[in-house]
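2 protein chains.
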Amino acid sequence: MTLPTIRTVGVIGTGVIGSSWTALFLARGLKVIVTDPAPGADGKLRDYLLNHWPTIPNAKVTQDEYLNNFRFVKAIDTYLGDLDLIQENGPERLDFKRRLFAHLDANTPEHVLIASSSSGLPSSEFVTECEKNPARILVGHPFNPPHLVPLVEVVPHQGTGDAYVTAAIEFYRSLGKDPVLVKKETPGFIANRLQAAVCAEAYSLVSRGVVSAEDLDKTVTSGLGLRWALTGPIMTNTLGGGGNFNHVMDHLGPALKTWLYDMRRHEFDVDSQDVDVLKQKVNEWTSRVNLKEIEESRDKLLVGLIKSKTEGSI
Amino acid sequence: MTLPTIRTVGVIGTGVIGSSWTALFLARGLKVIVTDPAPGADGKLRDYLLNHWPTIPNAKVTQDEYLNNFRFVKAIDTYLGDLDLIQENGPERLDFKRRLFAHLDANTPEHVLIASSSSGLPSSEFVTECEKNPARILVGHPFNPPHLVPLVEVVPHQGTGDAYVTAAIEFYRSLGKDPVLVKKETPGFIANRLQAAVCAEAYSLVSRGVVSAEDLDKTVTSGLGLRWALTGPIMTNTLGGGGNFNHVMDHLGPALKTWLYDMRRHEFDVDSQDVDVLKQKVNEWTSRVNLKEIEESRDKLLVGLIKSKTEGSI
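If you're matching them up, the sequences are chains A and B in order.
Taking our numbering, the leading residue of the first sequence gets 135, the next gets one more, and so forth.
Taking our numbering, the leading residue of the second sequence gets 135, the next gets one more, and so forth.
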């Protein structure tokens, strides 16, 4: 089975994620049919597209084309026959997604790939009422904002067809993104689990007074994070072991075990009063700094970092 | 108590860490007395210094001064009276460090700060035989390589004097490093614990076949790590919550709990056969890529990233 070239994308929902997807699709020269029921969504999307144009890397069209190659529609039903792919960005509510996907599946030509930006709900849970072709439905979960950060987690359900998985990966890659394949549906997929692992330990260390919130973050931004922006945990281990991952596992295993044991003993409890202690310690820091300045510096540096990584071919 | 300005540093041990510290101290205009009992250590150190000169950010001296402001000595005892600070980088063996620190404490003027690069042993365990002034001993644990990566974890033991803690933090900061204060001795300090949290979950996901080793790393390098190079987990949460960390905790708490519960159920066991499965899956990937090229790209990009962060004042 060969899927048709993707030229026109349907975007459902224009919150932060849907607007950013739209910006990316347009900058890559695709046509977009986009809808959102919220009052004023049309104007907000136009503002978003205009404001974010300067930050989009490697645009393939002029600003004029980027701003004119989309149509905002009140109801997408009459356009479903014109789409080659749908990227859905609706609310993360199971009842809502179940109804929406049953409707999309019933009314969209059966070869059209339908991807959900869902960060939490696996597609197996919301394709349950799809009768036409649930095999073309999967999750394509981006990292915010999708027009900038390359990661997208492609998560098929057990009934998703391999050709659709391949097509989704190829499509995202053609946009300049770095898709990863999550082979088994797993709560939090990959990124949120790794983030939860770091956050849980960070919250424990800060709430227990081992380190300040500011110094906890500095441990990452001035150390761990610098490496992880360039090589992931496994390649970092491998290079640290002189090119031999096995060596690191054999050498580091016992220490890892000791650390993990101590971490479990002091595990952060989301339901305990530790949460209040944590909030207080974090607020002591964040109330002293200029968050707007930090965010602006971060966004600017992020664009530069992604650019230099592309050029440095890592 | 005011500690004297640090002009001459003693470096004990010239493995990877000790050589890199020496390069940093010299590039910042300090004099260094350095020793290592290994055969050929003198020549290896000279080679290291020459090779790494081009990568040192913000050198304050000429290359000639950098290469000539140190003295490699066979025994450091006769120089202990000339030092303002000692950075120790010996083997991570408790009996060895106990003997070494007892000897250094007994033979170094009592005001001289003695910092250990120890990554695992807390100083409370190896100052037990120091009788003169154990209050000037603490851990100053760098992230590899110290001449490049700004992080250094300052870890006092319960008996370390506040003035020495402050002096160590000021000294490292004067070198352009980002010291963090670990207020309570904790196995793995901060960085190794956070790294262990990520690695344990990464190993579990890869060994269970949820994601390939390559895609696991990509989840970090194309997503999480890009942010963590610029804002740590807590500031990332805060900015994600529109400037309000409390909001994120209230909103994300239940999801975090679900993910952590599932992660505990599938926890990676360092003592099980999962280790062999993991090694095999990692080796399948790393045997296909050019590790030397990746390492060279990483090192080059790391220098650029640190430079652009300094200029971007984040």
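All C-beta atoms, glycine included, are put in the ideal place defined by N, C-alpha and C.
This structure is a prediction, so every number in the text was calculated from the model and none was measured.
Checklist entry - G343(B): buried (16+ other C-beta within 10 angstroms of its C-beta) or exposed? => result exposed
Next on the checklist: Please list, in chain order, the chain B residues whose beta carbon lies closer than 7 Å to that of G357(A).
Outcome noted: F277, V283, L285, A325
Checklist entry - V314(A) touches chain B at which residues, Cβ-Cβ below 7 Å? => result V345, D349, K352, T353
Item to check | C-beta atoms of G274(B) and W393(A) nearer than 9 Å | outcome: Taking 9 Å as the Cβ cut-off, G274(B) and W393(A) do not qualify as a contacting pair.
Next on the checklist: Classify G357(A): buried if its beta carbon has 16 or more other beta carbons within 10 angstroms, exposed otherwise.
Outcome noted: buried
Next on the checklist: Output needed in chain order: residues of the region 387-400 of chain A with a Cβ under 7 Å from some Cβ in chain B.
Outcome noted: G387, A389, L390, K391, T392, W393, L394, D396, M397
Item to check | Boundaries (first-last residue) of the alpha helix (DSSP H) holding T262(A) | outcome: Here T262(A) belongs to no alpha helix (DSSP H), and DSSP marks it neither H nor E.
Item to check | Which listed residue (K266(A), E265(A), L228(A)) has its alpha carbon closest to that of S250(A) | outcome: L228(A)
Checklist entry - Whose Cβ in chain A lies nearer than 9 Å to the Cβ of S442(B)? => result L435, G438, L439, S442
Checklist entry - Who are the Cβ neighbours of S154(A) in its own chain at under 6 Å, not counting the five residues just before and after it? => result P279, P280, H281
Next on the checklist: Between which residues of its own chain and R399(A) is the CB-CB distance below 8 Å, once the five residues before and five after are set aside?
Outcome noted: none
Checklist entry - Hey, quick one: how far does the beta strand (DSSP E) through E427(A) stretch, first residue to last? => result Secondary structure note for E427(A): it is in no beta strand (DSSP E), and the uninterrupted alpha helix (DSSP H) holding it is 425-445.
Checklist entry - Are D351(A) and T365(B) closer than 9 Å when you measure CB to CB? => result In this structure, D351(A) sits near T365(B), with a CB-CB distance shorter than 9 Å.
Item to check | Nearest-angstrom Cβ-Cβ length linking L219(B) and V246(B), presumed shorter than 8 Å | outcome: 7 Å
Checklist entry - Since K165(A) is in the beta strand (DSSP E), which residue starts that stretch and which ends it? => result 165-169
Checklist entry - Rounded to the nearest angstrom, how far is the Cβ of L285(B) from that of A331(B), given a contact under 8 Å? => result Their Cβ separation, rounded to whole angstroms, is 17 Å, which puts L285(B) and A331(B) out of contact at 8 Å.
Next on the checklist: Taking its Cβ as the centre, do 16 or more other Cβ atoms sit within 10 Å of G147(A), making it buried, or is it exposed?
Outcome noted: Counting Cβ neighbours within 10 Å, G147(A) comes out buried, since at least 16 surround it.
Checklist entry - Among A347(A), M383(A), V437(A), D408(A), which one has its Cα closest to the Cα of T420(A)? => result A347(A)
Checklist entry - Could you give the distance in angstroms between the alpha-carbon of T189(B) and the alpha-carbon of E263(A)? => result 59 Å
Next on the checklist: Using a 10 Å radius around the Cβ and a threshold of 16 neighbouring Cβ atoms, would you call S252(B) buried or exposed?
Outcome noted: buried
Next on the checklist: Between L234(A) and G224(A), how many whole angstroms is the CB-CB distance? I'm expecting something under 8 Å.
Outcome noted: 6 Å
Checklist entry - By DSSP, does H275(A) sit in helix, in strand, or in coil? => result strand
Checklist entry - If the cut is a Cβ gap below 9 Å, which residues of chain A does W155(B) touch? => result Chain-ordered listing is empty here: chain A has no CB closer than 9 Å to the CB of W155(B), the nearest sitting near 16 Å.
Checklist entry - Whole-angstrom Cβ separation of S341(A) and D405(A), contact assumed at under 8 Å? => result Actually they are not in contact, since the Cβ atoms of S341(A) and D405(A) sit about 13 Å apart, beyond 8 Å.
Checklist entry - Is there a Cβ from chain A that is less than 9 Å from the Cβ of N241(B)? => result no
Checklist entry - DSSP three-state call for E127(A): helix, strand or coil? => result The requested residue 127(A) does not occur in the structure, where chain A is confined to residues 135 to 448.
Checklist entry - Does any residue of chain A bring its CB to less than 9 Å from the CB of R307(B)? => result Look at R307(B): its C-beta is not under 9 Å from any C-beta on chain A.
Item to check | Residue-chain proximity (N223(A), chain B), Cβ-Cβ < 9 Å | outcome: no
Item to check | Closer than 9 Å to chain A by CB, Q329(B) | outcome: yes
Next on the checklist: Counting only Cβ-Cβ distances shorter than 7 Å, please list the residues of the region 416-434 of chain B near chain A, keeping chain order.
Outcome noted: V416, N417, T420, L425, I428, E429, S431, R432, K434
Checklist entry - Which same chain residues, not among the five before or five after Y306(A), have their C-beta less than 6 Å away from its C-beta? => result V286, P313
Checklist entry - Within the 9 Å Cβ cut-off, does K318(A) reach chain B? => result yes
Checklist entry - Can you list, in chain order, the residues of its chain whose CB lies under 6 Å from that of F277(A), leaving out five sequence neighbours each side? => result V283, L285
Next on the checklist: If distances are taken between C-alpha atoms only, which option among N371(A), D198(A), N417(A) comes closest to H381(A)?
Outcome noted: N371(A)
Next on the checklist: Any beta carbon from chain B within less than 9 Å of G374(A)'s own beta carbon?
Outcome noted: yes
Next on the checklist: Using beta carbons (cut-off 9 Å, strictly below), is F260(A) in contact with chain B?
Outcome noted: F260(A) does not count as touching chain B.
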